[in-house]
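Residue numbers (our numbering), protein chains in the order written: chain Z, 8 to 135; chain P, 8 to 135; chain V, 8 to 135; chain E, 8 to 135. Cβ atoms here follow ideal geometry from the backbone N, Cα and C, with glycine treated the same way. Down below is the structure, laid out as structure tokens.
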DNA sequence: GTGGTCTAGACCACC
DNA sequence: GTGGTCTAGACCACG
């Protein structure tokens with residue numbers, strides 16, 4: 008399900024991070040599942056194992072994956088971890104920036120609310 | 008009103024772009040207003056003129072400012088420009104990414120709606 | 008009493024080493040006791056015998072266990088062995104590293120003292 | 008002040024992370040200070056810039072440094088950030104393991120308390 | 001087989 | 001000049 012857009016300006020490893028997070032929210036990956044090995048994934052996506060490894064490391068530091076040397080990398084339980092208020096503050100700041108952009112692109116409040124509703128519906132997933 | 012945070016990891020020129028956009032939404036800058044020249048702005052912000060120039064170029068390319076040779080740089084009327092659907096699609100994609108992050112940070116839909124409402128209120132400005 | 012957490016990032020063999028050491032301190036294993044054979048232990052823990060074997064080797068090299076050919080593996084008397092000052096120096100270094108981490112995590116001296124007291128109490132065991 | 012022991016089994020980048028944290032606690036590095044560039048540091052320590060970069064990234068993710076592209080890497084204010092309870096729990100677990108080792112090395116409670124006092128005194132630094 | 005570390009060298013964005 | 005990304009390839013520890 009994971010795909011990488013090689014023409015995007017977004018770094019490969021970030022794309023991979025996002026893609027995996029999305030798959031988890033969609034339920035394609037569930038807590039405890041093993042994700043493809045660094046080498047497999049690299050082969051599949053035609054990229055360097057180091058780049059895949061970097062993505063996995065980021066996801067580990069964000070408490071999304073756990074990796075066990077010699078065994079592989081696994082999906083963690085999402086909500087077994089306290090909320091990270093630092094990152095939440097950063098996220099909020101990001102939202103603000105997007106709203107500024109939106110206004111300058113003449114996107115109305117209503118449109119944005121609609122987007123949110125759509126995407127919340129599409130994701131949904133894990134949250135109880 | 009424009010300020011730059013020298014310790015932010017966000018590039019200076021992007022901060023400046025955002026800051027000007029924000030001032031416009033807040034009504035501190037109005038359509039037709041002349042903004043300081045590159046050199047003035049650079050002096051005022053203790054930045055390299057090249058960096059200010061880059062920010063202005065970005066704002067021109069985004070139809071936020073317009074430069075009249077020999078006269079200066081001016082704020083454009085926001086809605087005198089057709090909606091740029093391509094950039095709107097990109098923006099929508101960005102929103103989606105933020106929502107994915109939010110779910111992984113255990114931020115609820117309700118919280119996000121609250122953020123948006125707050126920030127919409129704070130900005131508000133030009134759009135009715 | 009020995010258990011292995013298959014989702015920990017700590018190597019299995021190290022977990023086993025620690026677990027046995029802990030059981031000794033708790034008095035669940037006493038000097039002279041025979042511990043299960045490599046094969047038995049492997050079966051019981053659903054692990055590869057090689058991994059169990061590695062753990063036992065480490066414990067032997069650390070003077071915690073002793074293997075008598077044809078008879079089995081036994082728990083040694085803790086203080087019948089001279090203090091290994093080299094390993095003690097390494098341990099001290101480890102403590103220092105943990106303290107550096109603690110300070111950066113804004114854990115106060117007092118908290119650390121409390122932790123130590125708690126854990127000393129929980130272990131206690133052999134030493135008076 | 009930073010040094011790397013090339014014969015240690017501890018990865019270079021971890022040694023560097025520790026060394027920088029220690030220098031901060033000792034007050035050799037203060038909030039706002041710029042630390043040597045990736046390339047300078049690499050040259051000075053005779054290691055690859057990627058390895059240095061990795062250390063800096065770790066420190067950034069741990070809120071110890073901030074890095075600004077094109078400008079350099081800077082020491083952050085230590086206590087301007089909420090306590091990371093996840094990492095504190097991990098640290099506590101580490102302390103427990105060290106205590107287990109200590110008992111098996113016949114190190115008494117008293118000795119450990121002395122170590123702590125010594126090292127607390129040596130570090131001290133930032134905490135008010 | 002798994003992931004982790006390290007080196008070397010290329011190219012890019014920012015200042 | 002700064003750091004960031006990516007590739008390629010070597011070597012090690014764990015199971």
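Q: Using a Cβ-Cβ cut-off of less than 8 Å, give me the residues of the stretch 100-131 of chain E that come near chain V, in sequence order.
A: 101, 102, 103, 104, 105, 106, 107, 108, 109, 110, 111, 112, 113, 114, 115, 116, 119, 120, 122, 123, 126, 127, 130
Q | Unbroken alpha helix (DSSP H) run spanning residue 123(E), endpoints | A | 116-130
Q | Whole-angstrom C-beta distance between residue 123(E) and residue 98(V), which should lie under 8 Å | A | That belief does not hold up - the Cβ atoms of residue 98(V) and residue 123(E) are roughly 13 Å apart, past 8 Å.
(Q) Classify residue 13(Z): buried if its beta carbon has 16 or more other beta carbons within 10 angstroms, exposed otherwise. (A) Classification of residue 13(Z): exposed, given that the 10 Å Cβ count is below 16.
Q: Examine chain E for any beta-carbon lying closer than 7 Å to the beta-carbon of residue 92(Z), and answer yes or no.
A: yes
**Q.** Cα-Cα separation between residue 67(E) and residue 18(P), rounded to whole angstroms
**A.** Between residue 67(E) and residue 18(P), the C-alpha separation is close to 17 Å.
Q: Provide the residue span of the alpha helix (DSSP H) that contains residue 65(P), from first to last.
A: First-last of the alpha helix (DSSP H) with residue 65(P): 56-68.
Q.
Any beta carbon of chain Z sitting closer than 7 Å to that of residue 87(P)?
A. no
Q. Hey, out of 39(Z), 47(Z), 10(Z), 41(Z), whose CA is closest to residue 29(Z)'s CA?
A. 10(Z)
**Q.** With 16 other Cβ atoms within 10 Å as the buried cut-off, status of residue 47(V)
**A.** exposed
Q) Closer than 7 Å, CB to CB, is residue 29(P) near chain Z or not? A) yes
Q. What do you reckon, is the C-beta of residue 82(Z) under 6 Å from a heavy atom of the ligand NAD?
A. The ligand NAD is absent from the structure shown, which contains no ligands of any kind.
(Q) Can you confirm whether the stretch 78-90 of chain Z touches the stretch 35-44 of chain Z when touching is taken to mean that 3 or more C-beta pairs between the two stretches lie within less than 8 Å? (A) yes
Q) By the criterion of Cβ-Cβ separation under 7 Å, what are the contact partners of residue 95(P) in chain Z? A) 112, 114
Q. Does DSSP put residue 134(P) in a helix, a strand or coil?
A. Model confidence at residue 134(P) stands at a pLDDT of 44, short of 50, so the residue's coordinates are unreliable and nothing is read from them.
Q. Between which two residues does the beta strand (DSSP E) containing residue 82(E) stretch?
A. Going by DSSP, residue 82(E) is part of the beta strand (DSSP E) stretching over 79-82.
Q) Looking at chain E, which residues of the stretch 26-52 of chain V have a Cβ within less than 8 Å of any of its Cβ atoms? A) 28, 29, 31, 32
Q: Tell me where the alpha helix (DSSP H) around residue 52(Z) begins and ends.
A: 45-52
**Q.** Helix, strand or coil at residue 41(Z) according to DSSP, with G and I counted as helix
**A.** strand
Q: Compare the C-beta of residue 75(E) against all C-beta atoms of chain P and say whether one is closer than 7 Å.
A: yes
Q) Given that a residue counts as buried once 16 or more other Cβ atoms are within 10 Å of its Cβ, and exposed if not, what is residue 86(V)? A) exposed
**Q.** Pairwise C-alpha distance: residue 49(P) and residue 56(P)
**A.** If you take the alpha carbons of residue 56(P) and residue 49(P), they lie about 5 Å apart.
Q: Could you work out which residues of chain E lie near residue 16(P), taking near to mean beta carbons separated by less than 9 Å?
A: Those are 67, 73, 74, 75, 76, listed as they occur along chain E.
Q: With 7 Å as the threshold, decide whether the Cβ of residue 23(Z) is near any Cβ in chain P.
A: no
(Q) With DSSP as the reference, identify every bridge partner of residue 72(P), one or two as the case may be. (A) 82(P)
Q | Extent of the continuous alpha helix (DSSP H) run through residue 5(V) | A | What the structure shows of chain V is the stretch from 8 to 135, and residue 5(V) is not part of that stretch, so it cannot be assessed.
Q) Grouping DSSP H, G and I as helix and E and B as strand, with all else coil, what is residue 24(Z)? A) helix
(Q) By the three-class DSSP mapping on this structure, what secondary structure does residue 100(E) have? (A) helix
Q. Apart from the five residues on each side of it in sequence, which residues of its chain come closer than 6 Å, Cβ to Cβ, to residue 62(E)?
A. 20, 23, 24
(Q) Less than 7 Å between the beta carbons of residue 89(Z) and residue 92(E), yes or no? (A) Going by C-beta atoms, residue 89(Z) is nearer than 7 Å to residue 92(E).
Q.
Given a cut-off of 7 Å on the beta-carbon distance, is the pair residue 110(V) and residue 130(E) in contact?
A. yes
Q: Would you mind giving the Cβ-Cβ distance between residue 126(P) and residue 103(Z), rounded to the nearest angstrom? I have them listed as a contact below 8 Å.
A: 5 Å
Q: Would you grab the beta carbon distance between residue 16(P) and residue 74(E) for me? Rounded to a whole angstrom, and I think it's under 8 Å.
A: 6 Å
Q: Since I believe residue 94(V) is in contact with residue 112(E) (beta carbons under 8 Å), could you give me their beta-carbon distance rounded to a whole number of angstroms?
A: 6 Å
Q: Look at residue 35(E) and residue 8(E) and say whether their C-beta atoms are less than 7 Å apart.
A: yes
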